[in-house]
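Novice: Residue numbers (this note's numbering), protein chains in the order written: chain A, 806 to 1267; chain B, 6 to 342.
Below you'll find the structure I mean.
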Amino acid sequence: MLFNSLQFLFFFVFITITYFRLPHRQRWILLLLGSCYFYMVFKPIYILILIFTIVIDYFAGIFIENAQGKRRKMFLLASLVANIGVLAVFKYYNFLNLNLTHLLGEFHRHNPVPFLSILLPIGLSFHTFQAMSYTIEVYRGNQKAERHFGIYSLYVMFYPQLVAGPIERPQNVLHQLHEPHPFDHQRLQSGLMKIAEGFFKKVVIADRLSWVVNHSFNHIQQENGLSLLVATVFFTFQIYCDFSGYSDIAIGTARILGIDLMKNFNHPYLSRSIGEFWSRWHISLSTWFRDYLYIPLGGNRVAVPRFYFNIFIVFMISGLWHGANWTFVIWGALHGSFLVVENIRKKWWPSLRLPGALQWLLTFLLVCITWVFFRAASVQDAFLVLRKIFTLSFGAPLHTPFNLAEMIFCILLIALLLLKEKRGWTFHPSGNLAFYSSLAGIALVIYFFGVFNYTQFIYFQF
Amino acid sequence: MKKFFAYSGMLLSLAALVLASSPYLMKKIKGHIPDPNRNGDLYMMSALPGFKDPHFTEDCPTPAFHSPKLDHVALYILGDSYTKYMKPASFNTAFYHFIHWDDPPHKIAALDSTKRNILIIECTERQIRERFGVSFIHNFAIQKNYHPETDPSIQPHKLDLQAEDNLKYLFTFNKEVGYFKNLKASFNRMVFDRVDKDVYLDKQHQRLYLSATVDTEANTSSFRYLPDQELRTMVKHLNEALAFFQKAGFSAVYFSVMPNPVSLIAPQTGSYNHLVERLQTAPGLKMPYIDAWHLLSPQAPDLYFRSDTHWNCAGRDRWLQAVDSLLHQEAPSPERP
């Protein structure tokens, strides 16, 4: 189910009211059934994949806790193989097979391995990563195995963050699912405001910018450098508003139910270095990779070349996590390379620093360049976009589907977003009347300025 | 009071979700809520008040036929939105049966051998490349003792979790929401010079067309390049269909392509591909056709609705009269003693 749909509106109202009308011990049933429905709206049969990983990880957690020595590791491995196996089949099988076909083609050989005609289950990478974090934490002894099958299932399936995160940790969420949460008017207001902020980002900013982005990126051959440059900058903000908008709605929805989800974005485009960017962008994923891949690889407590290798490999895998395409691998590799360069500079030339504004500008430009690979349909397309951008002529006409007024409106929206983040503006009128009148006003603004194409959130595909 | 609101909200939202998820219940309720198309489908999509037609109707008067009724003719139409709403009285024949393109497999009850069975394959120009571009005969079956009303394959599903369209149908086409939609659409048009993505507003702001018929990215567009090879493929499939239906017992089979309004009214909008004319005059084409293109091109702006993608009653009547003349030529009434 899409957050930006009427179906979600009715679903949200029903679940929220019923949740607070039910006694605490029955609430998990409502949330679990609601989450199943939420997921099954996309493609009902794929609920079986979720059930499969839930059952495996539930028992793996208990077995890990009860086992000693090597058996603990064996159960953890079984759980990881099951989760990664599901990912491999549904997300990476055809990608690997395609590469095998190309490779064999180089030697004039035919690839006998068939391709699978399967649709990628929505949000697969998110819930498998969340499930894996559970068994790993149980293995490390940081989390007790959950004995309540329903609560564990809800940990994986909790509908606000089921399909696009934040990718939660068991230590943060599981205990909250056990605790009673009486209705709290303050939380309701704060949650509603967070949801409104998310919707504004998604339907007013992201979906509007997507018109310009799609217009240019769907006709790369015909477009000039200036149009592609504008589309790239717009995509930079589109993806941010799309994804952080989703996170805001998820966090707001959960907050109303009494559950606090982790912060997923912290003004990433104000960053002055790539390292800082990654401490502010998709925090739940970057900390996942830090905790479960980077540190086990040795992190920075290894020889310098190995440290750089660790950074690079983690970002390559992070790229691959996003999608089974070389564009995502290059996107990750670029971020990894920038971070390595940044660390070399810090180690060997610590005094070599640009003024603050230039640091920000350089970081922003580097991030923009990497987004070209994220958005382009192929590596060739991405290089063509970059070639056109780096040889652009400012005298060339700007091709956009918008008139001047709407282009100015887009730029104002972006400026407003950056200003809000820079100044830390928040909006929460005191008093019920003022609050609900303001909320109604915001809803009207979202309706009038929103673009309702019922576009999926970009990160759903991952 | 708080409890009352809470329970009301809970029950209403649950009722809305259940209703919208049940094709059976939706079918029952559809006659009792405003029809989204009541002012024309282009108006429904665009919400531009200037294109609202309060007198829009798909229920045209029965044509006045000047020739005797063809009691020995059974007419079948395989068609879509243009012929969907026609009633048996729209044709001067003893029997009329409509089969919708969107409902394959198309099962037809065994033909009445005492009558002349005639089939018209009606297709809109925008869907012709998709439909005739592939072989479509395997979607058809003529069955003895077939009763569509008891066919489980064409009964609605009991449950459909994707309830979004039904919810929109239930809640967003009433007068109150319509007011806000009009405001928003007018604002977008005036300030941003933009209309809903599903429609195209001509440069003079006089007529709306379906975007799919103008956008050259779409296969449905009148302005998308049409290679000769693709045309030959369509001819091949039409000829194949002619042989198939003749073998199945139809004494005559025609096709009729309903031109996109933009093709007739504003072909200068882009580089028009002349699909209809090229298909009708394509070498090797064996299936005869009812030439809607030349029937509708004179006075075309007066034969199509401004608020809807389809022909109006005058356009429809023109086509029905042509069909009637053709049926009389094809199956003249037997001489009475």
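Ideal Cβ placement from N, Cα and C applies to all residues, glycine included.
(1) Quick one: is A:Asn1208 near chain B, going by C-beta distance under 7 Å?
(2) Looking at the structure shown, is B:Arg341 part of a helix, part of a strand, or coil, going by DSSP?
(3) I'd like to know if B:Asp322 contacts chain A, where contact means its C-beta is closer than 7 Å to some C-beta of that chain.
(4) Pull up the DSSP beta-bridge partners for B:Ser261, would you.
(5) Just how far apart, CA to CA, sit A:Val1017 and B:Leu16?
(6) Could you check where the beta strand (DSSP E) with B:Asp76 kicks off and where it finishes?
(7) Quick check on the DSSP output: the alpha helix (DSSP H) that includes A:Phe1022 runs from which residue to which?
(8) Quick one: what's got a C-beta closer than 6 Å to B:Ile270's C-beta in the same chain, skipping five residues either side?
(9) Under 7 Å between C-beta atoms, does B:Gln209 make it to chain A?
(10) State yes or no: is the C-beta of A:Trp1230 nearer than 6 Å to some heavy atom of the ligand MG?
(11) Look at the alpha carbon of B:Lys189 and the alpha carbon of A:Gln948, and state the distance between them as a whole number of angstroms.
(12) Of all Cβ atoms in chain B, is any one closer than 7 Å to the Cβ of A:Ile822?
(13) State the start and end residues of the unbroken beta strand (DSSP E) segment that holds B:Phe100.
(14) By how many angstroms is the C-alpha of B:Asn122 removed from the C-alpha of B:Ala257?
(15) Could you tell me which of A:Arg830, A:Ser840, A:His829, A:Ile1251 sits nearest to A:Thr1058, measuring between CA atoms?
(16) For the alpha helix (DSSP H) containing A:Tyr1074, list its first residue and its last residue.
(17) Go ahead and pull the three-state DSSP assignment for A:Ile941.
(18) Which residue's Cα is closest to the Cα of B:His242: B:Tyr214, B:Lys186, B:Phe137?
(19) Would A:Ile1194 pass as a contact of A:Leu1033 if the rule is Cβ separation under 7 Å?
(20) Applying the criterion that 16 or more other CB atoms from any shown protein chain within 10 Å of the CB defines a buried residue, is B:Arg341 buried or exposed?
(21) With H, G and I counted as helix, E and B as strand and the rest as coil, what does DSSP make of A:Ile1116?
(22) So which residues on chain B does A:Ser810 lean against when the C-beta distance must stay under 7 Å?
(23) Can you round the beta-carbon distance between B:Glu127 and B:Leu75 to whole angstroms, since I take them to be within the 8 Å contact cut?
(24) B:Ser51 CB to nearest chain A CB: under 7 Å?
(25) For A:Ala950, which residues in the same chain have their Cβ closer than 6 Å to its Cβ, ignoring the five residues on either side in sequence?
(26) Taking 7 Å as the CB-CB limit, is A:Met879 close to chain B?
(27) Helix, strand or coil: which one does DSSP assign to A:Trp1086?
(28) Report the start-end ranges of each alpha helix (DSSP H) in the segment 177-244 of chain B that is 4 residues or longer and not cut off at the edges.
(29) Starting from B:Phe9, follow the alpha helix (DSSP H) in both directions and report where the run begins and ends.
(30) Does any C-beta atom of chain A lie closer than 7 Å to the C-beta of B:Met15?
(31) Answer with yes or no whether the minimum CB distance from B:Asp198 to chain A is below 7 Å.
(32) Compile a chain-ordered list of the residues in the segment 19-35 of chain B whose CB is closer than 7 Å to at least one CB of chain A.
(33) Contact between the segment 1159-1166 of chain A and the segment 1108-1117 of chain A is defined here as three or more beta-carbon pairs at a separation below 8 Å; is this criterion met?
(34) Extract the residue ranges of the alpha helix (DSSP H) inside the segment 271-323 of chain B, only unbroken runs of 4 or more that lie entirely within it.
(35) Can you tell me where the beta strand (DSSP E) with B:Gln112 in it begins and where it stops?
Specialist: By the coordinates alone:
(1) yes
(2) Any reading at B:Arg341 must be qualified, since the residue scores a pLDDT of 48, below 50, and its modelled position is unreliable; no value is offered.
(3) no
(4) B:Glu127
(5) 42 Å
(6) 75-84
(7) 1012-1022
(8) Ala305, Pro306
(9) no
(10) Of the ligands one can find in the structure shown there are none, so the ligand MG has no counterpart to examine.
(11) 52 Å
(12) yes
(13) 98-105
(14) 7 Å
(15) A:Ser840
(16) It is not in any alpha helix (DSSP H) - A:Tyr1074 carries neither H nor E in the DSSP assignment.
(17) helix
(18) B:Phe137
(19) yes
(20) Reliability of the predicted coordinates at B:Arg341 is poor, the pLDDT of 48 falling under 50, and the value obtained from them is presented with this limitation in mind. Looking at its Cβ environment, which holds fewer than 16 other Cβ atoms inside 10 Å, B:Arg341 is exposed.
(21) helix
(22) Glu169
(23) Wrong, their Cβ atoms sit about 19 Å apart, outside the cutoff.
(24) no
(25) Gly866, Ile867, Glu870, Val943
(26) no
(27) coil
(28) 180-197
(29) 7-25
(30) yes
(31) yes
(32) Leu19, Ala21, Leu22
(33) no
(34) 280-285, 297-301, 305-308
(35) Note on residue identity: the sequence assigns Lys, not Gln, to residue 112 of chain B. Its beta strand (DSSP E) spans residues 111-114.
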